[in-house]
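Residue numbers (the numbering used here): 837 to 984.
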């Protein structure tokens, strides 16, 4: 999703930060909040390239014996895709641009994320809401009734 936004803005990213977090509310468990910043060998907005570099970073900070509550990727240090000067030695695969355009086109035409990279989890994040307050003022079914 982040790479798609980069492409919509016609931007390329030169750095990424990958982070993990354990559950800070479980004080009896080991607390660990690693992050790693990677300078990419070339600016890119290709989902394939960004996933590859994120996996490399993740392998450096992941500890299999810990339970992580969340993790993520931040893209930083952007350049305009139209003003980018390609490197003589390092460049994104030219086929990626057409592939990303095709994927974005299909997702836009049919449904968001109808085509996605195999490493993307198809499940959407759902906020835990077991302690949610009642909506007395906005939901007719949650109005309090008092018996006399």
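All residues carry an ideal CB built from backbone N, CA and C; glycine is no exception. Just so you know, these numbers come straight off a predicted model, no measurement behind them.
Once you ignore the five residues that flank residue i on each side, which residues in its own chain have a CB closer than 7 Å to its CB?
i, result
"residue 904", "856, 857, 858"
"residue 932", "882, 884, 885"
"residue 970", "978"
"residue 938", "none"
Which partner residues does residue i have in the DSSP bridge list?
i, result
"residue 871", "855"
"residue 908", "855"
"residue 866", "In the DSSP output, where bridge partners are listed per residue, residue 866 has none listed."
"residue 880", "849"
"residue 916", "847"
Taking Cβ positions only, does residue i come closer than 8 Å to chain B?
i, result
"residue 976", "Note that chain B does not occur in the displayed structure, where there is just one protein chain."
Determine the direct distance from the alpha carbon of residue j to that of residue i, and round the result to whole angstroms.
i, j, result
"residue 861", "residue 898", "20 Å"
"residue 852", "residue 976", "47 Å"
"residue 891", "residue 839", "15 Å"
"residue 930", "residue 870", "33 Å"
"residue 829", "residue 895", "Here the chain comprises residues numbered 837 to 984, so residue 829 is not present and cannot be evaluated."
Considering only the alpha carbon of each residue, which of the options lies closest to residue i?
i, options, result
"residue 843", "934, 950, 974", "934"
"residue 953", "868, 974, 888", "888"
"residue 845", "948, 949, 940", "940"
Apart from the five residues on each side of it in sequence, which residues of its chain come closer than 6 Å, Cβ to Cβ, to residue i?
i, result
"residue 964", "none"
Which residues in the same chain as residue i place their Cβ atom closer than 8 Å to its Cβ, once the five residues preceding and following it in sequence are excluded?
i, result
"residue 919", "none"
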